[in-house]
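Participant: Structure provided below as structure tokens; questions to follow.
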Amino acid sequence: EDQVTQSPEALRLQEGESSSLNCSYTVSGLRGLFWYRQDPGKGPEFLFTLYSAGEEKEKERLKATLTKKESFLHITAPKPEDSATYLCAVQAGETSGSRLTFGEGTQLTVNP
Amino acid sequence: KAGVTQTPRYLIKTRGQQVTLSCSPISGHRSVSWYQQTPGQGLQFLFEYFSETQRNKGNFPGRFSGRQFSNSRSEMNVSTLELGDSALYLCASSFLGDGIQYFGAGTRLSVL
Numbered sequence: 272e273d274q275v276t277q278s279p280e281a282l283r284l285q286e287g288e289s290s291s292l293n294c295s296y297t298v299s300g301l302r303g304l305f306w307y308r309q310d311p312g313k314g315p316e317f318l319f320t321l322y323s324a325g326e327e328k329e330k331e332r333l334k335a336t337l338t339k340k341e342s343f344l345h346i347t348a349p350k351p352e353d354s355a356t357y358l359c360a361v362q363a364g365e366t367s368g369s370r371l372t373f374g375e376g377t378q379l380t381v382n383p
Numbered sequence: 002k003a004g005v006t007q008t009p010r011y012l013i014k015t016r017g018q019q020v021t022l023s024c025s026p027i028s029g030h031r032s033v034s035w036y037q038q039t040p041g042q043g044l045q046f047l048f049e050y051f052s053e054t055q056r057n058k059g060n061f062p063g064r065f066s067g068r069q070f071s072n073s074r075s076e077m078n079v080s081t082l083e084l085g086d087s088a089l090y091l092c093a094s095s096f097l098g099d100g101i102q103y104f105g106a107g108t109r110l111s112v113l
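Given below as structure tokens:
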């Protein structure tokens with residue numbers, strides 16, 4: 272059974288204080304690892320897809336990396352508008368179709 | 002390009018009733034997946050429809066069912082509602098079922 276674990280559960284940062292969120296996974300046949308951002312009362316918003324170990328992707332203050340066992344979401348000089356819950360999900364197996372297995376998420380708060 | 006649209010946004014039902022939720026995917030997308038999100042369990046996969054056929058199903062009781070129409074629009078039905086069915090129900094669409102899934106804003110269901 273695919274498993275995704277995110278840490279920490281909650282993270283409080285000061286504006287400009289860089290940090291990283293962790294997503295560790297145990298799957299059979301990884302097809303893709305996804306990062307989403309979710310604001311209260313809204314659906315998850317797609318951020319990144321990573322497909323193979325060593326891959327990196329960047330978008331503004333966010334950078335996602337992937338190894339064979341985990342992924343990191345690095346946040347550089349965060350701003351208050353980066354406050355949200357960040358979700359990690361995996362798509363795995365030959366017959367799982369579009370099924371995503373999600374972690375519990377990291378709730379990020381950035382204080383001004 | 003319009004995003005994924007879910008209706009209604011909010012629903013209040015009582016135990017024992019049934020409910021139908023609707024999802025209109027992004028134009029051209031053929032895969033629609035449904036997820037349940039609760040504070041305790043996080044995001045859990047319900048089922049996926051692709052070209053009007055259920056392709057995958059999560060570990061939910063038979064009270065949860067769905068269907069997809071020829072225009073790719075999808076509906077989810079929950080019969081004999083229980084208090085524990087209170088959740089945010091999210092719909093996601095993708096072009097072929099592989100890769101990036103785009104989520105709607107969700108339907109907040111409260112069962113009293």
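Chains as they are written, first to last, in my numbering: chain A, 272 to 383; chain B, 2 to 113. By construction, the Cβ of each residue, glycine as well, lies at the ideal position given by its N, Cα and C atoms. Computed from a predicted model, the values in this text were never measured in an experiment.
Where DSSP assigns a beta bridge to Gln7/B, which residues make up the other side?
Facilitator: Cys24/B.
Participant: In whole angstroms, what is the alpha-carbon distance linking Tyr103/B and Pro62/B?
Facilitator: So the two alpha carbons sit approximately 25 Å from each other.
Participant: Does any CB atom of chain B fall closer than 8 Å to the CB of Arg370/A?
Facilitator: It does; some Cβ of chain B falls within 8 Å.
Participant: Between which two residues does the beta strand (DSSP E) containing Lys58/B stretch?
Facilitator: Where Lys58/B is concerned, the enclosing beta strand (DSSP E) stretches over Thr54 to Lys58.
Participant: Using the DSSP secondary-structure output, state which residues sit across from Ser295/A in a beta bridge.
Facilitator: Bridge partners of Ser295/A: Thr276/A and Glu341/A.
Participant: Please compile the residues from chain A whose C-beta is within a distance smaller than 9 Å of the C-beta of Ala106/B.
Facilitator: Ordered by position in chain A, the residues that pass the 9 Å Cβ test against Ala106/B are Gly312, Lys313 and Gly314.
Participant: Kindly list the residues whose CB is nearer than 6 Å to the CB of Thr21/B, restricted to its own chain and excluding five residues on each side of it in sequence; keep chain order.
Facilitator: Glu76 and Asn78.
Participant: Using three-state DSSP, classify Gly85/B as helix, strand or coil.
Facilitator: Three-state DSSP puts Gly85/B in a helix.
Participant: Could you please give the first and the last residue of the uninterrupted beta strand (DSSP E) stretch that includes Gln18/B?
Facilitator: No beta strand (DSSP E) holds Gln18/B; DSSP gives it neither H nor E.
Participant: Who are the near neighbours of Ser71/B in its chain, counting only those whose CB is closer than 8 Å to its CB and skipping five residues on each side?
Facilitator: Result list for Ser71/B: Glu53, in chain order.
Participant: Applying the criterion that 16 or more other CB atoms from any shown protein chain within 10 Å of the CB defines a buried residue, is Arg49/B buried or exposed?
Facilitator: Residue identity differs from the one stated: residue 49/B is Glu in this sequence, not Arg. Answer is buried; the Cβ neighbour count reaches 16.
Participant: Taking Cβ-Cβ distances below 7 Å as the criterion, which residues of the region 85-104 of chain B are in contact with chain A?
Facilitator: So the list reads Leu91, Ser95, Gly98, Asp99, Gly100, Ile101, Gln102, Tyr103 and Phe104, given in the order they occur along the chain.
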